[in-house]
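Residue 86 in the numbering used here sits at position 52 of the sequence shown, and the numbers go up by one each step.
All C-beta atoms, glycine included, are put in the ideal place defined by N, C-alpha and C.
Please read these numbers as outputs of a predicted model, since none were measured by experiment.
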Amino acid sequence: MPACPNRFLLRAFQRRQSGMTLIEVLVALLILAIGLMGAAVLQLNALKYTDSARMTSQASFIAYDMLDRIRANAGADYSWGSAEPAPRSTSTASVRDLDLHDFEANIIGFAGEDAKGSVALSGHEVTISISWQDARAANRPGARETFTLTSRIANDQGALQ
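Have a look at this one:
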């Protein structure tokens, strides 16, 4: 007998090993689906945190704008909180009243009616706080984010005390 294997057995073995089985295809599809879902979750989180960072940046711009206005009009008392209404009439208002009106309008414009702002003066130290609802980033309803800016300002002669 020759040492050569049976040709029929070789052909049958080759036929069984060619191609992929249905289970291999399903496992590959499952791995692909899990990967795509992971990418989608990553995109959603990136969108959520990007929006939260944008809101914080906008609050920072508004607070620094108000601080610049206070420095430009250092003699006025800018103490104000959202509980008290900002001056409504801008036609006969003082510079301080116009600044506070713009401050409140900017806060409401960027974060809606539930956003709050305050300006506290203690000697030559100014603290400006802006808070808004940021439930999407915190993953809990009613969560508030707060940006606080504290700085020292000079008196009318330009000297810190």
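In the DSSP assignment, lysine 150 forms a beta bridge with Ser165. Between the alpha carbons of alanine 110 and arginine 178 lies a gap of roughly 30 Å. A check of alpha carbon separations from glycine 143 across Asp131, Ile164, Val153, Val160 identifies Ile164 as the nearest. The Cβ neighbour count for leucine 76, taken over all protein chains shown within 10 Å, is under 16; the residue is labelled exposed. Assignment of beta-bridge partners to phenylalanine 181 by DSSP yields Ile164.
Per DSSP, the beta bridge partners of serine 156 are Glu159. Between the alpha carbons of leucine 64 and glutamate 138 lies a distance of about 52 Å. Annotation for asparagine 79: the continuous alpha helix (DSSP H) segment containing it runs 56 to 106.
Between glutamine 167 and aspartate 136, the C-beta spacing is not below 8 Å. In this structure, the CA atom of isoleucine 187 is about 14 Å from the CA atom of alanine 97.
Nearest to serine 128 by alpha-carbon distance, out of Ser156, Leu78, Ala145, Ile104, is Ile104.
As the crow flies, the alpha-carbon of isoleucine 141 is around 32 Å from that of alanine 74.
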